[in-house]
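Order-wise, the sequence lines are chains X and Z.
Start counting the first sequence at 39; every next residue gets the next number (our numbering).
Start counting the second sequence at 39; every next residue gets the next number (our numbering).
Protein chains: 2
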Amino acid sequence: MQATAANDLVSPDRREEVLAAAAECFMRRGYEATSMDDVADALGATKGRVYHHFRSKPELFFEVFRRAIFILIREAGVHETGPGHAADRLRRMARAHILCMMETQAFQRNLTLGVDLYRFGEPTAEHKATLEELMDLRRGYEDAFRRIFAAGAADGSMKALDPSLAMRTLLGAINWVAVWYSPRPGETRTHREKLAEEIVAQVLGGYLA
Amino acid sequence: MQATAANDLVSPDRREEVLAAAAECFMRRGYEATSMDDVADALGATKGRVYHHFRSKPELFFEVFRRAIFILIREAGVHETGPGHAADRLRRMARAHILCMMETQAFQRNLTLGVDLYRFGEPTAEHKATLEELMDLRRGYEDAFRRIFAAGAADGSMKALDPSLAMRTLLGAINWVAVWYSPRPGETRTHREKLAEEIVAQVLGGYLA
DNA sequence: GCGAGGACATACTGCCGAGTATGTTCGCCT
DNA sequence: AGGCGAACATACTCGGCAGTATGTCCTCGC
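This is the structure:
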């Protein structure tokens with residue numbers, strides 16, 4: 039064919055390309071509005087390629103979703119354990135979370151999007167199982183924030199608030215970043231970090247002791 | 039027929055019922071996934087009824103969207119002008135906004151949902167015009183928050199922050215309520231007000247002087 | 001008491017999109 | 001050197017959904 043022309047060596051991430059394109063499409067048009075052909079077009083390919091790597095449209099979405107959580111856990115979740123008071127650790131978590139929202143926006147928006155699919159959808163038995171698993175992952179990530187709030191109340195670095203409610207208001211504020219943020223042309227990582235700091239400063243004020 | 043059996047007098051809000059059913063469906067399954075038959079089923083009727091009141095699916099959604107903003111402006115926006123410092127007025131606005139999220143959840147969730155349709159969709163000329171108008175309404179509502187933040191910096195009741203950024207983090211936190219909130223059985227208005235107060239207390243902390 | 005129109009229901013059409021079945025090309029192993 | 005399987009492309013099927021065309025009932029004005 040024409041596609042594999044100058045393609046070097048093996049390709050362990052040809053699948054990865056499909057995943058990224060899907061995330062982008064799902065973000066732009068939403069899950070239902072995105073056709074498999076759309077994803078293929080975004081790759082300059084045809085459905086054949088997409089279906090070769092993913093069995094169905096739901097499973098493709100699930101993989102996008104899973105990737106989004108893994109990124110969050112790896113980048114932000116790890117800061118739950120670390121030096122300093124609970125407030126310090128929360129600050130690092132929130133900061134990393136916000137940076138994820140900005141730098142892996144396509145994946146992260148589908149994360150917030152997929153929750154509805156869980157709450158109201160009527161999936162098949164197999165899909166329901168994967169959805170449960172993904173929701174558990176998500177819940178696990180949220181629990182890290184709950185624990186931090188509890189720890190903050192304990193070590194005196196933060197106000198004594200309902201951890202679940204505090205988690206929700208905080209995550210609401212910083213998840214929203216993925217909704218309104220769009221990168222300026224020529225924007226640098228440093229600039230994003232500055233912005234993240236600013237957001238953290240505003241948002242955390244209500245929780246600190 | 040069978041529908042108009044015990045139906046009293048005139049019906050100025052038969053259309054309203056369709057609108058509410060549509061909001062509910064759009065919230066549950068999302069815009070694209072909702073068929074006109076779904077909306078009709080939710081009413082115990084057929085497409086005929088829906089298409090009698092609304093010309094097309096997009097226009098139906100637009101009306102839901104418009105209603106959502108009108109509610110917000112009427113309930114929360116009005117508190118921009120009022121007694122007290124900017125901080126006090128912001129508090130009342132946020133409180134009312136949160137109550138809207140809880141009590142007209144179906145409409146409000148479509149509000150946050152419709153923005154994507156604007157940013158990435160490819161609507162017809164007529165739809166584009168309506169979308170622009172609706173986005174202006176939304177922007178106008180957001181501007182009220184921007185002005186409050188500016189006023190707060192001026193009258194010393196709040197920190198001097200970037201009004202746009204502050205608006206976004208605040209609205210993120212309180213819009214998110216519509217995502218996670220689901221009413222407890224037997225829940226009363228008083229309980230919701232209590233919850234709203236609690237959220238406001240947490241969220242506003244970062245902005246006050 | 002009758003014609004007109006509002007408020008739907010019923011019965012269609014046409015298209016679009018998920019999924020499938022079947023090539024086709026290349027690299028690799030033996 | 002030939003067969004095999006990965007990695008796609010091409011060409012279909014088939015169901016579902018937006019929109020329409022048409023019929024039906026009830027009510028209100030006259």
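Ideal placement from N, C-alpha and C gives every residue a C-beta, glycine not left out.
**Request:** Give every residue of the same chain whose Cβ lies closer than 8 Å to the Cβ of X:Val77, excluding the five residues on either side of it in the sequence, and list them in chain order.
**Result:** Position 39 of the first sequence, counted from the first residue, corresponds to residue 77 of chain X. Cβ neighbours of X:Val77 beyond the five flanking positions: Val56, Ala59, Ala60, Cys63, Val88, Leu98.
**Request:** State the CB to CB distance for the pair Z:Ala182 and Z:Gly115, rounded to an integer number of angstroms; the pair is presumed to be in contact (CB under 8 Å).
**Result:** On the second sequence, residue 182 of chain Z is found 144 positions in, with the first residue counted as 1. On the second sequence, residue 115 of chain Z is found 77 positions in, with the first residue counted as 1. Going by Cβ atoms, the distance from Z:Ala182 to Z:Gly115 rounds to 5 Å, so yes, they are a contact pair.
**Request:** Going by CA-CA distance only, name the one from Z:Leu137, Z:Trp214, Z:Thr226 that's closest to Z:Glu235.
**Result:** Numbered from 1 along the second sequence, position 197 holds the residue referred to as residue 235 of chain Z. Taking each of Z:Leu137, Z:Trp214, Z:Thr226 in turn and checking the Cα distance to Z:Glu235, the smallest one comes out for Z:Leu137.
**Asked** Using Cβ-Cβ distances below 8 Å, what residues of the stretch 204–218 of chain X are close to chain Z?
**Response** Here the close residues are Ala204, Arg206, Thr207, Leu208, Leu209, Gly210, Ala211, Ile212, Asn213, Trp214, Val215, Val217, Trp218.
**Prompt:** What do you get for X:Arg112, buried or exposed, if any count of 16 or more other CB atoms within 10 angstroms of its CB means buried?
**Reply:** What you label residue 112 of chain X is simply residue 74 of the first sequence in a count that begins at 1. Counting Cβ neighbours within 10 Å, X:Arg112 comes out exposed, since fewer than 16 surround it.
**Message:** Strictly below 8 Å CB to CB, what residues from chain X border Z:Leu242?
**Reply:** Against the second sequence, residue 242 of chain Z aligns to sequence position 204. In chain order: Gly244.
**Asked** At a CB-CB cut-off below 9 Å, which residues of chain Z make contact with X:Ile237?
**Response** Residue numbering aside, residue 237 of chain X sits at position 199 when the first sequence is read from its first letter. Near X:Ile237 (Cβ distances below 9 Å), the residues of chain Z are Leu203, Arg206, Thr207.
**Item:** Cβ-based burial, Z:Ser195 [other Cβ within 10 Å; buried from 16]
**Value:** The residue labelled residue 195 of chain Z in the question sits at position 157 within the second sequence. The residue is buried, with at least 16 neighbouring Cβ atoms inside 10 Å.
**Prompt:** Z:Glu70 touches chain X at which residues, Cβ-Cβ below 7 Å?
**Reply:** In the second sequence, the residue the question calls residue 70 of chain Z occupies position 32. Chain X residues near Z:Glu70: Gly68, Glu70, Ala71.
**Item:** contact_flag[the stretch 139–147 of chain Z, the stretch 210–223 of chain Z] where n(CB pairs < 8 Å) is 3 or more
**Value:** yes
**Prompt:** Z:Gly224 by DSSP, collapsed to three states: which one?
**Reply:** As a position in the second sequence, residue 224 of chain Z is number 186, starting the count at 1. In the three-state DSSP reduction, Z:Gly224 falls in the coil class, being neither helix nor strand.
**Request:** Over the uninterrupted alpha helix (DSSP H) stretch that includes X:Thr207, give me the two end residues.
**Result:** Start at 1 with the first residue of the first sequence, and residue 207 of chain X comes out as number 169. Where X:Thr207 is concerned, the enclosing alpha helix (DSSP H) stretches over 201–213.
**Message:** Only counting the same chain, and skipping five residues up and downstream in sequence, which positions put a Cβ closer than 6 Å to that of X:Ile237?
**Reply:** In the first sequence, residue 237 of chain X corresponds to position 199, counting from 1. Closer than 6 Å at Cβ, skipping near neighbours: Ile136.
**Request:** Using beta-carbon positions only, say whether X:His117 and X:Arg130 come within less than 8 Å of one another.
**Result:** Sequence index remark: in the first sequence, residue 117 of chain X carries index 79 (1-based). Sequence index remark: in the first sequence, residue 130 of chain X carries index 92 (1-based). Yes, the Cβ-Cβ distance between X:His117 and X:Arg130 is below 8 Å.
**Message:** For the structure I just gave you, are there three or more beta carbon pairs, one from the stretch 195–214 of chain Z and one from the stretch 160–170 of chain X, closer than 8 Å?
**Reply:** Contact annotation: the stretch 195–214 of chain Z does not touch the stretch 160–170 of chain X, with fewer than three C-beta pairs closer than 8 Å.
**Request:** Would you mind sorting X:Arg93 into buried or exposed? The rule is 16 or more other CB atoms within 10 Å of its CB.
**Result:** As a working mapping, residue 93 of chain X is identified with position 55 in the first sequence. That one is exposed.
**Asked** Got a sec: is the Cβ-Cβ distance from X:Leu199 to anything in chain Z below 8 Å?
**Response** For the purposes of this step, residue 199 of chain X is identified with residue 161 of the first sequence, where counting begins at 1. Using a Cβ-Cβ cut-off of 8 Å, X:Leu199 counts as an interface residue toward chain Z, since at least one Cβ of chain Z sits closer than that to its own.
**Message:** Are the CB atoms of X:Ile107 and X:Leu175 within a distance shorter than 8 Å?
**Reply:** Looking up residue 175 of chain X in the first sequence gives position 137. Looking up residue 107 of chain X in the first sequence gives position 69. In this structure, X:Leu175 lies near X:Ile107, with their beta-carbon atoms less than 8 Å apart.
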